[in-house]
Each structure stands twice: as C-alpha cells, then as structure tokens.
Amino acid sequence: MPRMIEVVIDSVRVSLTNQQRIVILREVDAERYLPIWIGPYEAEAITIALQDIEVARPQTHDLMKNILNSLNARLVRVEVVNLKDDVFYGNLIVEVDGKIIEIDSRPSDALAMAVRARVPILASRDVMETAGILPEQDLQANEGAAKPPKRPDWPKKVEEESSDRLTVYEDFLQNIDLDSLNRPSDDKSGDTPGDPEEPKL
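Counting with our numbering, you get residues 5 to 205 for the letters of the sequence shown.
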C-alpha cells in the first residue's frame, strides 16, 4: 500500500474564463494543495454536501451511500492513489462483513461520497509530490523572516460565481450544454490535474 497523506476539501471553485470546475484538496499537516479539475455535475454534488443543502430526492451519490447502508456496508475512507497520463485515479475503501474492499472510482465521485459519509480523504505521497502545489512564500527583506504563506490565486469559489444566484441548481442549469448531449463523449472517465493558468482539458 502506498504511503498516504490525509487531505481535506479546501474549496470547490470555478474558472470565470472557461467555466471549468476545480476542487482544491489541502494537506492536513502542511500548507500544500492538490488541485483537480472535475466536471460541473460532480462539483455541484460536492458543493451541495459541503453546504448541507437539503434536496427533495436523493442524488446519485446519495443513492450510492444509501445502497451501501442497505447492504450493511460501511465506507471507511476514500483515496486518491495515482496520477497517470494526466488522469487521477481513486478508490472507495468499503468494509463489508469485516472485510475491506477497494472499489475503483474517479476522485470526484469519491470526494462526493466522502463528504456525505464524513470519512477521511487520503492522497498518496507520490501524487502529492507530483501534482501538489506549495503556496508562494515571500521573504521580508528587512527582518529576513518569512511572511505567512500566501494561498495560491485559485479561481473563484463556486458559491461566489454569481451574486444574484438563488440556488446551486440555478448555476447547474445554466451550465448544461444541450448540444453536447447528442455528441459522443471522449471523456477518459477520470479527473485531471488542475493548473489555474492553463487547465488541462
């Protein structure tokens, strides 16, 4: 098993230039961040759970959580385990009848499950060293001491995207591309590393 580092969801943000969503994971014991570009649907699923927004009917990740509970299975933790060909790979770690099972998952789906089940999020050390970002740290010329770390200049948070937005669903509906529904998908079924300046599409 690779060495793992505990992280938490720092924020979910949106690029104002291309409307791409990005989830920012923050290392618990260090000031290091892991940005992952994700789809709008997964971003909304994560945001809804983070903000404790009640929905009338279960969403996909609510359904997955309910299925696990009905089968007497327990989500123990979620993991971001690998980065290959610009695609992140994740796992759901599930306990069933005392046995631990690893279920392959996109990190975005795993994160949406983690916030609902309130379980730890772990990232492999290799992934953090490859794709993690350290904040800029400026030195004070006079005192020779380091200033407090400055957070990276991420895109705006999802909830800050529009001042007149009434619900998260309004933004969800506005970002539906009806033309793309009839086009075949070329998605690699994965999530990609985040770079605020030049996102990987």
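Quick reminder that beta carbons are idealized off the backbone N, C-alpha and C, glycines included. Because the structure is a prediction, the values reported are computed rather than measured.
I need the boundaries of the beta strand (DSSP E) containing residue i, first residue and last residue.
i	result
Asn-22	Neither: Asn-22 is in no beta strand (DSSP E) and is coded neither H nor E.
Gly-102	Gly-102 -> no beta strand (DSSP E), and no H or E assigned at all.
Arg-78	77 to 88
Ile-57	Unbroken run through Ile-57: none, as it is neither H nor E.
By a C-beta neighbour count over all protein chains shown, 10 Å radius and 16 as the cutoff for buried, is residue i buried or exposed?
i	result
Leu-96	buried
Ser-74	exposed
Ala-145	Reliability of the predicted coordinates at Ala-145 is poor, the pLDDT of 40 falling under 50, and the value obtained from them is presented with this limitation in mind. Ala-145 comes out exposed.
Tyr-197	The displayed chain sequence assigns Pro, not Tyr, to residue 197. Buried, by the Cβ-count rule.
Leu-20	exposed
Ile-71	exposed
Ala-34	exposed
Asp-56	exposed
Glu-58	exposed
Val-32	exposed
Gly-94	buried
Gly-102	exposed
So the candidates are the options; which of them puts its Cα closest to the Cα of residue i?
i	options	result
Pro-124	Arg-25, Leu-29, Gln-23, Thr-64	Leu-29
Asn-76	Val-100, Arg-61, Met-68	Val-100
Ile-105	Val-82, Met-117, Arg-122	Val-82
Val-11	Asp-108, Val-85, Asp-195, Thr-64	Val-85
Asp-89	Ala-127, Ser-109, Thr-134, Val-59	Thr-134
Leu-67	Ala-116, Val-91, Met-8	Ala-116
Ile-26	Val-18, Asp-130, Asn-70	Val-18
Phe-92	Glu-58, Val-98, Asp-113	Asp-113
Leu-24	Gly-43, Gly-102, Asp-130, Met-132	For the sequence presented, residue 24 should be read as Gln rather than Leu. The residue with the shortest Cα to Cα distance from Gln-24 is Gly-43.
Arg-122	Leu-87, Gly-102, Gly-136, His-65	His-65
Val-230	Asp-14, Gln-63, Leu-87	What the structure shows of the chain is the stretch from 5 to 205, and residue 230 is not part of that stretch, so it cannot be assessed.
DSSP three-state label for residue i, please.
i	result
Ile-52	helix
Leu-138	coil
Ala-116	helix
Glu-35	coil
Ala-47	helix
Val-16	strand
Tyr-173	In this predicted model, Tyr-173 has a pLDDT of only 43, less than 50, meaning its place in the structure is not dependable; the value taken from the coordinates is given anyway. Reduced to three states, the DSSP call for Tyr-173 is helix.
Arg-30	strand
Pro-234	Residue 234 lies beyond the stretch modelled for the chain, which goes from 5 to 205, so this question has no answer here.
Round the Cβ separation of residue i and residue j to the nearest angstrom and send it over; I've been treating them as touching at under 8 Å.
i	j	result
Val-119	Leu-54	6 Å
Pro-111	Ile-50	Actually they are not in contact, since the Cβ atoms of Pro-111 and Ile-50 sit about 11 Å apart, beyond 8 Å.
Ser-109	Met-8	About 15 Å separates the two Cβ atoms, so there is no contact after all.
Arg-61	Leu-138	Actually they do not touch by this definition, with Cβ atoms about 42 Å apart.
Ala-47	Val-16	5 Å
Give the range of the alpha helix (DSSP H) segment to which residue i is assigned.
i	result
Asn-73	64 to 74
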